[in-house]
């Protein structure tokens, strides 16, 4: 089989970029810039562009600039979707995957934009780009940034950050009230001293989870200490959780019979820390986590958590509204319904109150 001509290879590379939505929030480069970027001659880059024009992928605008063609009868490239999120969101997130998969099902282009700090130009370029639907994950908003988001409200959906009071749609996970199910489960297993560990960046979401933990302790007559040492935004919370818990143990401040972790990565750090201190889970202390059910299942021992329903149906409803398939005018909050199902892992053991009385 004869090797593929270089200009054909470049044309296919550019076509893949277009299909991936890489030029949705920036102009299609001209031939000289493409030649320099890819590392080929001007002539080769020009041949690649001419092929894409002949194939109906690109066209020349009246000002001679290159534009991407939309194919009749297909939503792909005509309806553009972006997921903008900070660097510390993993690519295997069930939320990210639900958005990407649903975009593919509706033949929409999908572009993931990762920003490294709150003032990152990529964040602003993404919001100002030519996207029809933007899913945005962020930790906090100053007044200037909030004003910018309000201007984008017709095509913006925030994740886990409720701005519905400003007319901005929100895609949210379980209500923090579901934490009560975890604390009740521990209570029914005989636990009475339930500490809470958090190292995630400070946010209203974290505050709500801690508040629910406190409320549930009071409800069931339990006690517990809060070990709360948030990292700065965009910093990985898992290694810090390991260090924080090491300090708690070294200072003799851990006298709980159960530990509630605000996120599964924090719980995994706790498991490692306990192992190194010869504290057995669940024989000496039980551990429960919140969220990331697949990751919780992979831990050793597997972590007990609350079942989080698949977000894909909610994501689909947002797409159906924006595409005019099943409009839901006026709906702002898309929240995962509580399942009230505890995913019992290996990290919790019933405690005999006769043999292990509360201090």
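Numbering (this note's numbering), first residue to last: 745 to 1103.
We put the beta carbon where it would ideally sit given N, CA and C, even for glycine.
Whether residue i touches residue j by CB criterion (7 Å)
| i | j | result |
| --- | --- | --- |
| residue 789 | residue 778 | yes |
| residue 954 | residue 1004 | no |
| residue 943 | residue 973 | yes |
| residue 956 | residue 920 | yes |
| residue 1089 | residue 1047 | yes |
| residue 1056 | residue 1008 | no |
| residue 826 | residue 870 | yes |
| residue 780 | residue 751 | no |
| residue 947 | residue 883 | yes |
| residue 879 | residue 923 | no |
| residue 863 | residue 823 | no |
| residue 828 | residue 797 | no |
| residue 1080 | residue 917 | yes |
| residue 1053 | residue 1091 | no |
| residue 926 | residue 1032 | yes |
| residue 989 | residue 1014 | yes |
| residue 1076 | residue 913 | yes |
| residue 992 | residue 945 | no |
| residue 892 | residue 910 | no |
| residue 1063 | residue 902 | no |
Per-residue burial, residue i [other beta carbons within 10 Å of its own, 16 or more giving buried]
| i | result |
| --- | --- |
| residue 795 | buried |
| residue 758 | buried |
| residue 765 | buried |
| residue 1099 | Low local confidence applies: a pLDDT of 48 at residue 1099 is under 50, so the model's placement there is unreliable, with the coordinate-based value given in what follows. Exposed, since its Cβ has fewer than 16 Cβ neighbours within 10 Å. |
| residue 971 | buried |
| residue 748 | exposed |
| residue 861 | exposed |
| residue 888 | exposed |
| residue 968 | buried |
| residue 915 | buried |
| residue 853 | buried |
| residue 763 | exposed |
| residue 907 | buried |
| residue 816 | Low per-residue confidence applies at residue 816: pLDDT is 45, beneath 50, and the placement is therefore not dependable, though the value from the model is reported in the following sentence. That one is exposed. |
| residue 890 | exposed |
| residue 818 | For residue 818, the predicted structure reports a pLDDT of 47, less than 50, and the residue's modelled location is therefore unreliable. The matter cannot be settled from this model. |
| residue 855 | buried |
| residue 1043 | buried |
| residue 840 | buried |
| residue 711 | The shown model of the chain, from 745 to 1103, leaves out residue 711, and the question about it has no answer. |
| residue 1026 | buried |
Reduced DSSP secondary structure (H/G/I, E/B, other) of residue i
| i | result |
| --- | --- |
| residue 816 | Low per-residue confidence applies at residue 816: pLDDT is 45, beneath 50, and the placement is therefore not dependable, though the value from the model is reported in the following sentence. Reduced to three states, the DSSP call for residue 816 is coil. |
| residue 1005 | strand |
| residue 964 | coil |
| residue 1046 | coil |
| residue 914 | strand |
| residue 949 | helix |
| residue 1076 | coil |
| residue 1065 | helix |
| residue 1052 | coil |
| residue 943 | coil |
| residue 901 | strand |
| residue 893 | helix |
| residue 907 | coil |
| residue 937 | strand |
| residue 1087 | strand |
| residue 1106 | Because the chain is modelled from 745 through 1103, residue 1106 falls outside the range shown and cannot be assessed. |
Integer Cβ distance of residue i from residue j, believed to fall under 8 Å
| i | j | result |
| --- | --- | --- |
| residue 929 | residue 1086 | 5 Å |
| residue 986 | residue 1016 | 6 Å |
| residue 776 | residue 786 | 6 Å |
| residue 1061 | residue 1078 | 6 Å |
| residue 1001 | residue 936 | 7 Å |
| residue 904 | residue 1067 | Contact flag wrong, Cβ pair sits at about 24 Å. |
| residue 729 | residue 1010 | The chain is shown from 745 up to 1103; residue 729 falls before or after that span and cannot be answered. |
| residue 1095 | residue 933 | 6 Å |
| residue 868 | residue 830 | In fact, because the Cβ distance is near 14 Å, the residues do not count as touching under 8 Å. |
| residue 784 | residue 754 | 6 Å |
| residue 833 | residue 881 | 6 Å |
To test your reading of the DSSP string, which unbroken alpha helix (DSSP H) runs of 4 or more residues are found completely within the region 757-841? Under the rule that a run must span 4 or more residues, the alpha helix (DSSP H) segments found entirely inside the region 757-841 read 775-782, 786-798.
Give, in chain order, every unbroken run of the beta strand (DSSP E) that is at least 3 residues long and sits entirely within the region 979-1036. Within the region 979-1036, the complete beta strand (DSSP E) runs of at least 3 residues are 1002-1005, 1030-1032.
In chain order, each alpha helix (DSSP H) run of at least 4 residues that lies wholly inside the region 839-887: Counting only runs of 4 or more residues that sit fully inside the region 839-887, the alpha helix (DSSP H) segments are 865-872, in chain order.
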